[in-house]
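Structure first, commentary second.
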C-alpha cells in the first residue's frame, strides 16, 4: 500500500514527459532520491562496526602505519589481540558477571512486571490507571539523577562491590518499561477468555498461569529481550557501585581496566568492544522481529 | 463427552477450597500481592533515592561521612562555579543540536524506509544495530575514529582526498570535541528515531495521499499537510524520550572525553559523577544531579504541550 503512494508521488512531475522518457526519469529519480541516500545512511551507521572489526584483527605493525598498508583492509589478520584479551585479562570473568547480572535482573523485572501489569490491566482496581501513569513516569526518571543517592544506599546496605547491588538496582529502569509493554500486550488479549475461565470456576491465579500468560508469550519474549539488552548496556550504576576488577561488567571493565597509562592498546580495546557487542548482537539477531514490534508498539501505546 | 469430563473435575475445588486458595481468590489481597514486587522495587530503589537525592543536595555528605543540613550552601557554591555554568550550557547545547540532528536525519531515513524496497526487514534490522550495541563500546570505536594521529577520517580527508594539509584535532580542543561528541550522539540516536517514526508512518492511511493527489497537491504539500500532522503524536512521545535521555547522557561523554579537554565537554551528569564519586563530595554531586530535574520537567512539559496537544485537536476533528 505504501508503494502505491510512492508510485503516485512520482507521477505529477513526470506526467508531461513522453512515456519512454518517463520510465527512465522515474527510475533515475528513484535511485537518486531513495537508494543513494539510503546507501549513505547504511554506510555511516555501519562504518564504526566495520572499523572496530578491522582494528581488532590487525597486527600492531599495520595498525599504526597507514603509509605502507591500506588502513581499510587487513594484510595479515591476527588473533593476538583476542588471545591477549581472553588469556591475559579477566575478560571471561567480566563476561560471566555481566551475563549473570543481566539474566538475574531480567528475571526479577519480568516477574514483578507480569504481576503488576496483570493487576493493573486485568484486575482493574480503583485508581489503577493512575498506578499505570505513575509507572510510566517512573520510566522518565533517568539513572543519572539516581546514582548518587543509590550509591549511598548501596554502601549502607553493605552491597558495595557486589553484583547483587546491580541486580537490585537495574529493575528501576527495567520494571517500568516491561510493565508498560506488558500492559499493552495484555490489552490485546480478549477478556472473554478469562471470563469463560472464571465461569468454569478457575481461580484468578489459575487464569493468569493457564490462560493469560501462555497467550502473552510473545510479549514476555519482547520484554525479556529488551531487559537483557538494557542490562547489558547499563553503565553508570556499574561504574559507581563496583570497584574490584573481577566484579566489573564488560562495558565498565573495558573502559577502566584495558586503558593503562597514556598508551592505549587500540587493538585490545577494539577486540574487547567487538566481543562485548557480539552477545547482544547475536541475541538481537534471533529476535529482531519481536524487538522491532515491541519497540514500535511501546511507543505507539 | 469432553463436557462431562470437565464437569467431573470442576466440582471438586468447590467442595474443599482451602483457606489459602480462598485468600488468593480474594481480589483486594490478590491485587496487593501482584503489585507488591513491582511497587516494592520501585519505591525502595526509585522513589526513596529520588527523595534521598534531594535531601543529600542540602547536606555536606562525603563518602564515608554522613553529612549535616547546610541549607542552600551547595547551590550557592554552584551559582558561582564557572564549571557548573559551562556544564549547563553544554548540556543544553548538546541536547538541542543532537535532538535536531537526530530528528531531521531520523525522519529522512524513516521516509526513505517507508518506500517499497527489497530486503526491507533486513535493512531495518541492520539499521537498528547502533542502538543495540552497548553505548560505551560504540563510543570506544568513535574514540578510535577521532584519534589525533590515526583517525581514519583525517586519513581519508588529508591523504586520500587531499582536501586539507593537517590532520583534524577532534578531541584536543573545546569546540571540535563538543561537535565530535554531538556527532557520535546523533549517530547513535538515528536508528531509534527512524524505526519508531517508520512505525508511525505506516499507520497513515494511503487513501489520504490519494485524495490529496486528486486535489493536485505537490510532494511537499503532502508531507506538510498529511504526513507531518499525522506523525506529530508519535513524534511528541519519541522526542520527549530523546530529549530526556540526551540531556542526562553520561556514557558517551564519559567514554570519549571524560569531560575534557580542560572540562569543556562536561555534561551535568558527568560533572555530578566527577564531583560525587571519584571526588567524594556526594552532597555537591547530588546538588548538580538535582539541578537537572527542572530542565527535565520543562522539556517534558514543552514537548507534551507543544506537540501532543495538537494531537487532541486533530483527534476530535478526524476520528
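Residue numbers (the working numbering), protein chains in the order written: chain G, 1 to 301; chain H, 302 to 620.
For every residue, glycine included, the Cβ atom is placed at its ideal position computed from N, Cα and C.
6 Å CB neighbourhood of residue 252 (chain G) in its chain, flanking five on each side removed: 238, 239
Quick check: is the beta carbon of residue 66 (chain G) nearer than 7 Å to any beta carbon in chain H? yes
Between the segment 88-106 of chain G and the segment 223-237 of chain G, can you find at least three pairs of beta-carbon atoms closer than 8 Å? yes
Give, in chain order, every unbroken run of the alpha helix (DSSP H) that is at least 4 residues long and sits entirely within the segment 363-399 of chain H. 374-380
With which residues is residue 33 (chain G) paired in a DSSP beta bridge? Bridge partners of residue 33 (chain G): none, in fact.
For the segment 196-225 of chain G, which residues have a beta carbon sitting closer than 8 Å to at least one beta carbon of chain H? 200, 201, 203, 204, 205
Between residue 130 (chain G) and residue 121 (chain G), what straight-line distance do the alpha-carbon atoms span, to the nearest angstrom? 12 Å
For my contact list, residue 81 (chain G) and residue 56 (chain G) are in at a C-beta cut-off of 8 Å; report their separation, rounded to the angstrom. 6 Å
Which word fits residue 151 (chain G), buried or exposed, when buried means at least 16 other C-beta atoms lie within 10 angstroms of its C-beta? buried
Indicate whether residue 303 (chain G) and residue 451 (chain H) have their beta-carbon atoms separated by less than 7 Å. Because chain G spans 1 through 301 in this model, residue 303 (chain G) falls outside it and cannot be assessed.
In whole angstroms, what separates the C-alpha of residue 519 (chain H) from that of residue 428 (chain H)? 30 Å
So, at 7 Å on beta carbons, what are the nonlocal neighbours of residue 596 (chain H) in its own chain, with the 5 sequence-adjacent residues on each side left out? 548
Assuming contact is defined by CB atoms lying nearer than 7 Å, are residue 483 (chain H) and residue 398 (chain H) in contact in what I supplied? yes
Neighbour list for residue 92 (chain G) in chain H, Cβ cutoff strictly below 7 Å: Within 7 Å Cβ-Cβ: nothing; residue 92 (chain G) doesn't reach chain H, min ~17 Å.
CB-CB length for residue 420 (chain H) against residue 447 (chain H), believed under 8 Å: So it is not a contact: roughly 32 Å between Cβ atoms.
Following the continuous alpha helix (DSSP H) through residue 334 (chain H), name the residue where it begins and the one where it ends. 328-343
Measure the alpha-carbon distance for residue 10 (chain G) versus residue 406 (chain H) and round it to whole angstroms. Legend: pLDDT at residue 10 (chain G) = 44, less than 50; position of this residue unreliable, value from coordinates given subsequently. Cα to Cα, the separation comes out at about 22 Å.
Beta-carbon contacts of residue 473 (chain H) that lie in its chain and below 7 Å, excluding the five residues immediately before and after: 449, 562
Are the beta-carbon atoms of residue 465 (chain H) and residue 459 (chain H) separated by less than 7 Å? yes
State yes or no: is the beta carbon of residue 586 (chain H) nearer than 7 Å to at least one beta carbon in chain G? yes
Fully enclosed by the segment 56-129 of chain G, which alpha helix (DSSP H) runs are 4 residues long or longer? 60-63, 80-88, 91-118
Where the alpha helix (DSSP H) through residue 179 (chain G) begins and ends: 171-187
Do residue 176 (chain G) and residue 138 (chain G) come within 7 Å of each other at the CB atom, strictly closer than that value? yes
Proximal residues to residue 132 (chain G) (C-beta, below 7 Å), its chain only, five neighbours per side dropped: 120, 183
Name, please, each residue of chain H whose Cβ falls closer than 9 Å to the Cβ of residue 236 (chain G). 551, 552, 555, 570, 574
Just the Cα atoms here: how many angstroms apart are residue 213 (chain G) and residue 114 (chain G)? 9 Å
Where does the unbroken alpha helix (DSSP H) through residue 591 (chain H) begin, and where does it stop? 583-591
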